[in-house]
Amino acid sequence: MGCAISGSGLTPRTQESRNTEDESPARLTPRHIHLIKESWKVIQEDIAKVGIIMFVRLFETHPECKDVFFLFRDVEDLERLRTNRELRAHGLRVMSFIEKSVARLDQLERLETLALELGKSHYRYNAPPKYYGYVGAEFICAVQPILKDKWTAELEQAWKTLFQYVTGIMKEGYLEEERTKRNVMLTTSTKERPDKRNTMI
Ligand code: HEM
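At the far end of the sequence shown sits residue 1381, using our numbering, and the numbering has no gaps.
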């Protein structure tokens, strides 16, 4: 099950610890963008397979992530998930997001909007940012065997940067949604107070 992540040696854990408030945003270079687009042509042939492998690995390496998924939290035997229709559908949704991200690499402001909205929806799913870094690492492990000798340390760095870029913005979206919801709750509760006083009078 192991997957050696090479390059600068970012493991899922260290990736998580880098994902802190003061982390500077990931910078995608034209070279990264070129490498990602070229490799995507190969990866896209196997998106359903990659989606499943990625999530089964995520649940194996970080079981706490499984608990966030209402549909999978009670599944003990992860091997059964490999043929689970819902996991396949979920994996495809995530892979289709990656496909859209690759398509927007030349219009980063459009990619930002997409990732910001995704972060907001993850607040509603109760999926906190501390877990996002794991997904890129599992994606890399899932696509390495597909790309075979086309896989290089430079390509790995390019994909890591894309995931750091996207998950950094997702985190912003998550926090924005959290603030919005908190303000709505505060406004509602301060509005309620005078009403209550009125009914008392
Ligand atoms: C790079 C990181 C991630 C990406 C790109 C991603 C992408 C997506 C996408 C595209 C969806 C479909 C619904 C939508 O568009 O709002 C989704 C749903 C969801 N994600 Fe994520 N996700 C990531 C990380 C995570 C993590 C780490 C967790 C849990 C620990 C998680 C939990 C969920 C849940 C609970 C749903 C809703 C259920 C469903 O649609 O089947 N996500 N995610």
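By construction, the Cβ of each residue, glycine as well, lies at the ideal position given by its N, Cα and C atoms.
Everything numeric in this text was worked out from a predicted model, so none of it was measured.
* Asked: Are the beta-carbon atoms of R1237 and K1246 separated by less than 8 Å?
  -> no
* To do: From the DSSP output, in three-state form, read off F1319 for me.
  => helix
* Is Y1311 helix, strand or coil when you go by DSSP? -> helix
* Which one of D1226, T1209, I1216, I1213 has the shortest CA to CA distance from P1325? -> D1226
* Asked: What is the DSSP secondary structure of F1235, reduced to helix, strand or coil?
  -> helix
* With P1210 as the anchor, note down where its alpha helix (DSSP H) starts and where it stops. => 1210 to 1223
* Under the criterion of a Cβ to heavy atom distance below 7 Å, does C1245 qualify as lining the ligand HEM? -> yes
* Between the CA atoms of F1235 and T1332 - distance to the nearest angstrom -> 23 Å
* Asked: Any heavy atom of the ligand HEM within a distance shorter than 7 Å of the CB on F1252?
  -> no
* To do: State the DSSP-derived secondary structure class of L1153, mapped to helix, strand or coil.
  => Nothing can be reported for residue 1153: it is not among the residues displayed for the chain, which extend from 1181 to 1381.
* Asked: Roughly how many angstroms separate the alpha carbons of D1286 and E1292, rounded to a whole number?
  -> 12 Å
* **Assigned exposure category for L1366 - 16 Cβ within 10 Å defines buried** => exposed
* **Residue range of the alpha helix (DSSP H) that includes A1283** => 1265 to 1283
* **Among F1250, E1240, H1270, R1207, nearest to K1229 - alpha-carbon criterion** => H1270
* Who are the near neighbours of R1284 in its chain, counting only those whose CB is closer than 8 Å to its CB and skipping five residues on each side? -> R1290, L1291, L1294
* How about R1265: is its Cβ closer than 7 Å to a heavy atom in the ligand HEM? -> no
* **Nearest neighbour of G1348, chosen from G1299, V1364, V1323, L1215 [CA to CA]** => G1299
* Comparing the CB of Y1354 with every heavy atom of the ligand HEM, is any distance shorter than 7 Å? -> no
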